[in-house]
């Protein structure tokens, strides 16, 4: 791998910024000053330091973001803030969100540069569970649990897969947990519309067995632990 690409991937700066740092002698490779951006290195065996600090290269990175309302689940957007703009401490520039959450939906969002894991988590045949907390206009009753369990017609070619509905509070504004294994467009909102109700607040609290860290405020993130990564890989 080229040295300038390695340093850019590690979040040191853009390629042009990295070249300036190299010219200034701020980079060493295996203890020796290196000014050539085209220098080829082996990330697993060569020791690269920037301003005297060693760079620890990881091929793949995995993050948990508490997505706030008002930002879009995208890598680029000309109008709205994107989820990637919250991950300032991530070294890799090729991160992407695993699936998507609507602009007004909060909660757990995984981001990685591991394409194979992303595909595995989103593949329809994998049936990865995603659990949401929602506030819903109208009383959600026990009679609706078997409707969700059977699958609902939300206007697509086929009904949804069975979903687990848990009622936390039934009132003018009900509070529920809903676990689904698909990721259709506006799925949770459309499922409640199918039974004559409207979701007024939606938050994803888990995905693939990974729970949203209660210590993360909206807009905050952290790296996944090794145990969490391995549980996703199953």
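In my numbering, the protein residues as written are 974 to 1207.
We treat Cβ as the ideally placed atom computed from N, Cα and C, and that holds for glycine.
Coarse secondary structure for residue i, derived from DSSP in three states
i	result
residue 1175	strand
residue 1036	strand
residue 992	helix
residue 1191	coil
residue 1091	helix
residue 1184	strand
residue 1113	coil
residue 1099	helix
residue 1021	strand
residue 1206	helix
residue 1007	coil
residue 1026	strand
Residue interval of the alpha helix (DSSP H) (run including residue i)
i	result
residue 1164	1160–1166
residue 1123	1118–1123
residue 976	976–982
Buried/exposed call for residue i, threshold 16 Cβ in 10 Å
i	result
residue 1058	exposed
residue 1162	buried
residue 1095	exposed
residue 1158	exposed
residue 1160	buried
residue 1017	exposed
residue 1034	buried
residue 1117	buried
residue 1031	exposed
residue 981	buried
8 Å CB neighbourhood of residue i in its chain, flanking five on each side removed
i	result
residue 1134	1100, 1124, 1153, 1154 and 1155
residue 1151	1104, 1105, 1107, 1121, 1136, 1137, 1138, 1139, 1161 and 1164
residue 1144	1112
Reference residue i; option with closest CA among the options
i	options	result
residue 1188	998, 1080, 1011 and 996	1080
residue 1182	1200, 1170, 1191 and 1097	1200
residue 1029	1130, 979, 1118 and 1140	979
residue 1140	1121, 1131, 1130 and 1132	1121
residue 1109	1136, 1098 and 1164	1164
residue 1037	1203, 1204, 1207 and 1184	1184
residue 1003	1083, 993, 1015 and 992	1015
residue 1114	1090, 1186 and 1148	1148
residue 1166	1111, 1190 and 1012	1111
residue 1047	1027, 1068, 998 and 1061	1068
Nonlocal neighbours in the same chain, by C-beta distance under 6 Å from residue i, ignoring five residues either side
i	result
residue 1045	1053, 1055 and 1076
residue 995	1008 and 1010
residue 1174	1108
residue 1021	1002 and 1028
Opening and closing residue of the beta strand (DSSP E) in which residue i lies
i	result
residue 1195	1194–1196
residue 1080	1079–1085
residue 1057	No beta strand (DSSP E) holds residue 1057; DSSP gives it neither H nor E.
residue 1107	1103–1110
residue 1150	1146–1153
residue 1139	1137–1142
residue 1002	1000–1002
Chain B contact for residue i (CB, 8 Å cutoff)
i	result
residue 979	Annotation note: the requested chain B is absent from the structure, which comprises a single protein chain.
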